[in-house]
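Below is one structure, written out as structure tokens, with a few remarks after it.
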Ligand code: HEM
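In the UniProt record's numbering, the protein residues as written are 47 to 424.
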């Protein structure tokens with residue numbers, strides 16, 4: 047139930063041990079006024095520092111203000127502990143140049159090359175109204191009410207400056223981001239996050255996660271790039287697939303999570319091993335084979351996704367899936383090549399639909415009370 051520090055070198059909510067709940071939101075900026083936008087980021091940072099420590103969004107709070115005025119906190123988190131709330135901000139490519147080519151805030155020359163729009167992948171069924179955004183905020187917490195409260199209050203503070211473009215609730219983390227955490231399962235019933243980048247892998251995090259000085263514009267050093275994909279999982283079809291076929295598609299055992307042919311979850315997969323029939327024990331087109339660093343020039347991701355069930359789709363099926371979240375140093379060398387492999391060859395695609403996509407530059411951490419989200423950019 048404790049608090050995760052908001053201030054620091056890097057933003058919280060990236061290597062922070064993945065909490066159980068997510069409320070993710072993407073905003074469009076509706077003001078034309080650059081100073082007003084920077085001012086909102088300052089207001090948001092102050093509110094975020096307060097809420098992540100378990101306090102009201104504003105100084106007066108839900109019930110401490112004048113009875114004649116709307117309260118500066120909405121109240122539904124009163125009395126709840128911080129619940130490991132983290133708030134992580136990202137800037138989308140359209141903040142720098144919008145779909146019509148306009149540089150609304152004079153930021154175009156500050157856009158990092160790594161913040162490129164993602165290419166269209168084979169099979170993409172993206173819904174534009176559920177994709178993209180000028181800004182995003184990822185709220186993670188161990189209590190869904192605390193995560194929703196935080197996003198709601200940021201949206202309230204942003205009235206007239208930003209408007210909510212889309213948002214997504216998630217439950218049941220599908221990744222571990224720390225070696226202390228047991229691996230959770232996704233809605234296909236498989237352990238997810240076994241071979242993830244973890245908080246303890248300091249050298250790998252430097253190489254694969256954190257933007258280094260010299261990678262691009264200085265304002266991003268110490269930050270990371272975020273890719274989101276809302277992936278509908280056709281669970282009813284999956285549930286009619288045999289256990290052996292499910293395991294072949296993933297390349298791991300459903301029970302233990304071990305790579306096929308090995309016994310422990312954390313054993314290295316042996317892609318050269320052949321069975322008695324002469325076939326590879328892990329199929330060449332298994333998900334873990336296609337996504338493995340050895341097939342992607344060493345590229346790795348810090349995955350931090352959540353399950354979702356948005357009710358049902360009116361056709362007798364659950365509207366369920368994975369809200370995929372991955373952080374990395376450069377999507378052009380990490381997410382894009384891996385997803386290109388998966389989109390072309392992964393047999394799992396028969397059971398998946400990518401319906402939403404986003405890419406965001408997450409700046410470094412807010413250092414202290416005098417600093418704010420994205421200050422280096424403005
Ligand atoms: C590994 C499931 C989408 C990248 C895994 C594993 C499972 C899994 C069960 C094995 C356990 C683990 O190491 O975490 C899924 C499901 C997906 C999905 C159900 C869609 C709903 C994606 C996407 C990407 C991706 C879109 C990136 C483009 C990876 C990577 C690994 C992995 C990098 C680790 C491979 C390794 O190094 O062994 N996934 N995944 N996955 N997945 Fe996915």
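Backbone N, C-alpha and C define an ideal beta-carbon position, used for all residues, glycine too.
Entirely within the segment 120-195 and at least 4 residues each: give me those alpha helix (DSSP H) ranges in chain order. Runs of the alpha helix (DSSP H) inside the segment 120-195: 139-142.
Does residue 212 come out as helix, strand or coil in the three-state DSSP assignment? Here residue 212 sits in strand by DSSP.
Compute the Euclidean distance between the alpha carbons of residue 262 and residue 89, then round it to the nearest angstrom. A straight-line Cα-Cα distance of about 27 Å links residue 262 and residue 89.
Can you tell me which of 374, 193, 378 and 221 puts its alpha carbon nearest to the alpha carbon of residue 159? It is 378.
If you follow the beta strand (DSSP E) that residue 295 is part of, which residue opens it and which one closes it? Residue 295 -> not in any beta strand (DSSP E); alpha helix (DSSP H) instead, spanning 289-296.
Hey, could you find the ends of the alpha helix (DSSP H) residue 350 is sitting in? Annotation for residue 350: no alpha helix (DSSP H) segment contains it, and DSSP assigns it neither H nor E.
So is the beta-carbon of residue 312 under 7 Å away from any non-hydrogen atom of the ligand HEM? Result no, Cβ not under 7 Å from the ligand HEM.
Using 7 Å as the cut-off, classify the Cβ of residue 350 as near or not near the heavy atoms of the ligand HEM, replying yes or no. Relative to the ligand HEM, residue 350 has its C-beta separated by 7 Å or more from all heavy atoms.
If you compare alpha carbons, which of 70, 57 and 412 is closest to residue 275? The residue with the shortest Cα to Cα distance from residue 275 is 70.
Following a CB-centred definition, is residue 238 positioned closer than 7 Å to any heavy atom of the ligand HEM? For the ligand HEM, at least one heavy atom lies less than 7 Å from the Cβ of residue 238.
Just the C-alpha distance for residue 214 and residue 410, rounded to the nearest angstrom, thanks. Their backbone Cα atoms lie some 24 Å apart in a straight line.
Starting from the N-terminal side, write out each stretch of the alpha helix (DSSP H) that is 4 residues or longer and does not extend beyond the segment 238-309. Entirely contained in the segment 238-309, the alpha helix (DSSP H) runs reaching 4 residues are, in chain order, 248-254, 281-284 and 289-296.
Using the Cα positions of residue 110 and residue 120, report the straight-line distance between them to the nearest angstrom. So the two alpha carbons sit approximately 12 Å from each other.
So, using beta-carbon positions, are residue 226 and residue 67 closer together than 8 Å? No, these two residues do not count as a Cβ contact at 8 Å.
Whole angstroms is fine: what's the gap from residue 65's alpha carbon to residue 130's? For residue 65 and residue 130, the distance between alpha carbons rounds to 7 Å.
Are there 16 or more other CB atoms within 10 angstroms of the CB of residue 328, so buried, or fewer, so exposed? Result: buried.
For residue 328, which three-state DSSP category applies? In the structure shown, residue 328 sits in coil (DSSP, three-state: anything other than H, G, I, E or B).
Output needed for residue 124: all residues of its chain with C-beta closer than 6 Å, excluding positions within five of it in sequence on either side, in chain order. Within the same chain, and ignoring the five residues on either side of residue 124 in sequence, the residues whose Cβ sits closer than 6 Å to its Cβ are 108.
Assigned secondary structure, residue 86 (DSSP; H/G/I helix, E/B strand, else coil): In the structure shown, residue 86 sits in a helix (DSSP, three-state: H, G or I).
Taking the alpha helix (DSSP H) that residue 391 belongs to, which residues open and close that run? Run containing residue 391: 381-391, per the alpha helix (DSSP H) assignment.
Quick check on residue 295: buried or exposed, where buried means 16 or more other Cβ atoms within 10 Å of its Cβ? It counts as buried.
For residue 372, does the three-state DSSP call read helix, strand or coil? Three-state DSSP puts residue 372 in a strand.
Can we count residue 371 as close to the ligand HEM, meaning its CB is less than 7 Å from some heavy atom? False, no ligand heavy atom lies under 7 Å from that Cβ.
To the nearest angstrom, how far is it from the Cα of residue 425 to the Cα of residue 406? Nothing about residue 425 can be reported from this structure: the residues present for the chain run from 47 to 424 only.
Name the one or two DSSP bridge partners that residue 407 has. Residue 407 is bridged to 137 and 271.
What are the start and end residues of the alpha helix (DSSP H) that includes residue 75? Premise fails: residue 75 lies in the beta strand (DSSP E), 67-75, not in any alpha helix (DSSP H).
Proximity to residue 175 [Cα-Cα], best of 364, 267 and 73: The residue with the shortest Cα to Cα distance from residue 175 is 73.
Who pairs with residue 364 in a beta bridge, going by DSSP? Looking at the DSSP output, residue 364 sits in a beta bridge with 358.
Could you give the distance in angstroms between the alpha-carbon of residue 82 and the alpha-carbon of residue 75? Straight-line Cα distance between these residues: approximately 10 Å.
Looking at the structure shown, is residue 422 part of a helix, part of a strand, or coil, going by DSSP? DSSP places residue 422 in helix when its eight states are reduced to three.
CB of residue 100 within 8 Å of CB of residue 139, strictly: Taking 8 Å as the Cβ cut-off, residue 100 and residue 139 do not qualify as a contacting pair.
Helix, strand or coil: which one does DSSP assign to residue 401? In the three-state scheme derived from DSSP, where H, G and I count as helix and E and B as strand, residue 401 is classed as strand.
beta-carbon residue 275 near the ligand HEM non-hydrogen atom, thresh 7 Å: Under cutoff, so the answer is yes.
Return yes when at least one heavy atom of the ligand HEM lies under 7 Å from the C-beta of residue 281, else no. Every heavy atom of the ligand HEM is 7 Å or more from the Cβ of residue 281, so no.
Quick check on the burial criterion: 16 or more other C-beta atoms within 10 angstroms. Buried or exposed for residue 93? Buried, since its Cβ has 16 or more Cβ neighbours within 10 Å.
Which partner residues of residue 320 appear in the DSSP bridge assignment? Bridge pairing for residue 320: 326 [DSSP].
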